[in-house]
Structures are given as C-alpha cells and as structure tokens.
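Written below as structure tokens is the structure these notes are about.
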Amino acid sequence: MRNTFGNIFTITTFGESHGKGLGVIIDGCPAGIKIDEDFIRVELQRRKPGQSKITTQRKEEDNFEILSGVFEGQSTGTPIAMVIYNTDQKSKDYSHIAEKFRPSHADYTYHEKFGVRDYRGGGRSSARETAARVAAGAVAKLFLAHYGVEINAYVSQAGAVRLEKPYQELDFSLTESNIVRCPDQETADKMIQVIDQTRKEKDTIGGVVSCVAKGVPVGLGEPVFDRLHAVLGHAMLSINAVKGFEFGSGFEGVTMKGSEHNDAFYKEGDRVRTRTNHSGGIQGGISNGEDIYFKVAFKPVATIMQDQESVDTKGEAATVSGKGRHDPCVVPRAVPIVEAMCALVLADYLLLNRSSKV
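Residue numbering for the sequence shown is 1 to 358, as defined by full-length UniProt numbering.
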C-alpha cells in the first residue's frame, strides 16, 4: 500500500479506525519551525467526530502525542512522529458485516486485493485515517505561515443547497461560527436543516468543500506531469468519499469564449497581476501569485441505516443495514482535511521550488 505522500515535505500515515490509534511521520520539515501544539489541537478538534447533531456521535477527543522531531517547542529537522490514540471504538457494531460487503464501501475491493480485511469500521480504508493528515497539515500550515500563505476552506454545498456568493464576498472568519462551516449564515441554516432532515430519514447526502489559498508565491509547480493543479487534484482525490475536483473556472469555463476567459496581465507596483482569475492562480501548472481556488465534491456517505442488497464473501446474496455511528453528511468535518492536504502540497512544492534555479 502507498502510505506516503510528498517529495521533500513528506508524510507517512499509519493505523486503523478501530486499532489502538493512528499516527503520522513527517519528514523533511525544516528545523526552526515553532510547533504550536495548541494550534495542532484546534485543527484536530475541527475534524473530530461528535461535534454536533449533524455529525457522527462517536466520541473521540483526538488528543495527540508528539514522539520525536521537536525540542523545546521547535522542529529539529528530524522526522516528526505523532500518534492519536483511539478511545471510543465500538467494534461490535461491525460484527454483522464481517462476512458481508457493504455497498459502495472498500470492503469488496480490499478483500479481493489483499485476501484479508479489517471489517471494524473499515480499518485502514476508514475516513478516521484523515486525523493523521490533519495533524500533519497543521505542521505544514505553521511552516507556510513563515511565507504569508493562508488557506481557508468552507462548505459551499450540502445536497441541493448551494452557496451562490463568490468567495471574494465571503468573510472567512465566520466559517467556524456554525456547525456546517459555511461562512454565510442564511445558507448555513438551510444546509443544517437539510442535513438534519436527511439524518432523521436514516439516509445521507453529499456536498462540496471550496478552498482558497492566498499569498502563494509565483513559481510553485513542476511541469510536465507534476503540475501544481494536478498534484492538488491528487491530494484531494486521495481523501475518502471525494468524487470530483475542479480548480479555477472549472467546468463552467467551457461556456466562455477565449476572449472572456483569458486573464489579462497588468503591472501593480513591482508585481505582475491578472485582472481576472479564471486560471485559479495556476497557469502552465505553475502558481502565478493570484489566489488559488478549487472545489472538492464529496459523495453521500455510503453507510445508511437502511436495508440494502449485497453479497457475502462466498458470493451469496445478503442484506446489509448500517449500524453504529455515522455522518449523515461528511462535508462539515471535511473542511479541515481539505485545508490540510492543500497545506501539505504547498509546503512540499515551496521547498521543491528552491531547487529550480540558482
């Protein structure tokens, strides 16, 4: 299994949903970065389960422990190891699917690929693995802060409820003001209503998380195959339940003519700017200094509290019904995960860019 991500600033995650815990090893983090444990804790709290009525009620505080790579509050340049122990796993909730494959889960594919699977909460395929990514992403954010890079993600759609305002009109400081993490309260109220109603119906819905990275320097990205937007797409599509990624004008751009879509250059002081930003801050696979913005689409959570047709490990017909504690919509808790993966990509490519010229 490929459990490592990145080139210079790399992470390797480990652990399962119902094992003793999860963790991450960060390699390539420069020495001298102040490792703010309170900030890491806040980031993990944003992702943790049991936050509100519209998230899973599993109660994990997601307290973490730094095992190496930090001395007197600073990174030492050696591998940073962190562990997050599981404390509220209820493996008996999954005993009924030990020999059955849940629709749209990784049960069948893991069984066929490895010949064995950890059915307790999905094991390694569980979204709980993303706690390790968020911890690592927090360190990446602390590194990026030295360069003035700021990353803000928010929920822009839940089911059919969509935030119509462009990100330039939003106040990102309001994102954490409601349980759905939408910085527009009127839209947030509608999202919360539809998610809660779906939960009561024992069903699930999907949604979209939008992300904006400001202050990204010009020049990040490695043509031809490792273009910055390609790597961001790789990072986002590696997140559980993600089914779509678009950056800049995305699919809507096909409705425009080239004369409308082209981002004209102009000079602002000593900086080259673009009058529009349909390119999403990336041209030729390289950052151009404008805001990088993209959207990530999440499917409805696959575990539903209804009977579904399936098969068992012998290929015989079976009925599967969800049990335990699950999110009716994953996007509120996915916001910090999207930010973390964006931070990891930008931190890695900022370091990689130092080798592009003398």
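Virtual Cβ for every residue (Gly too), placed ideally from N, Cα, C.
Fair warning: this is a prediction, and the values are worked out from it, not measured in the lab.
{"query": "Closest residue to Gln74 among Ile80, Lys48, Gly32 (Cα-Cα distance)", "result": "Gly32"}
{"query": "Pair within 9 Å by beta-carbon distance, Asp203 and Pro49", "result": "no"}
{"query": "Thr255, DSSP secondary structure in three states", "result": "helix"}
{"query": "Cα-Cα separation, Thr319 to Ser249", "result": "43 Å"}
{"query": "Whole-angstrom distance between Ile8 and Thr76, CA atom to CA atom", "result": "15 Å"}
{"query": "Coil, strand or helix - Leu163 by DSSP", "result": "coil"}
{"query": "Opposing strand residues paired with Glu246 [DSSP bridges]", "result": "Lys295"}
{"query": "Collapsed DSSP secondary structure at Arg128 in the structure displayed", "result": "helix"}
{"query": "Opening and closing residue of the alpha helix (DSSP H) in which Ser14 lies", "result": "It is Phe, not Ser, that sits at residue 14 in the sequence shown. Note, Phe14: premise wrong, no alpha helix (DSSP H); beta strand (DSSP E) at 10 to 15."}
{"query": "Candidates Lys34, Pro30, Ala131, of which the one nearest Leu22 by Cα", "result": "Ala131"}
{"query": "Buried or exposed (CB count within 10 angstroms, at least 16 for buried), Ser287", "result": "buried"}
{"query": "With 16 other Cβ atoms within 10 Å as the buried cut-off, status of Leu237", "result": "exposed"}
{"query": "Between the CA atoms of Ile292 and Ile35 - distance to the nearest angstrom", "result": "26 Å"}
{"query": "For Arg271, the first and last residue of its enclosing beta strand (DSSP E)", "result": "271 to 274"}
{"query": "Coarse secondary structure for Ile337, derived from DSSP in three states", "result": "helix"}
{"query": "Presumed contact (8 Å Cβ cut-off) between residue 405 and Val139, rounded CB distance", "result": "No information on residue 405 is available, as it lies outside the stretch 1 to 358 that the chain covers here."}
{"query": "Contact the stretch 118 to 134 vs the stretch 93 to 107: 3+ CB pairs below 8 Å", "result": "yes"}
{"query": "Check: Gly121 C-beta below 8 Å from any heavy atom of the ligand SAH", "result": "By its list of ligands, the structure shown contains no ligand whatsoever, and the ligand SAH lies outside what it can speak to."}
{"query": "Three CB pairs or more closer than 8 Å across the stretch 110 to 119 and the stretch 143 to 150", "result": "no"}
{"query": "Nearest to Ile304 (by Cα), restricted to the options Leu44, Glu201, Ile66", "result": "Glu201"}
{"query": "Chain-order list of residues whose beta-carbon lies under 6 Å from that of Phe143 (same chain, five-residue window excluded)", "result": "Ile33, Ala347"}
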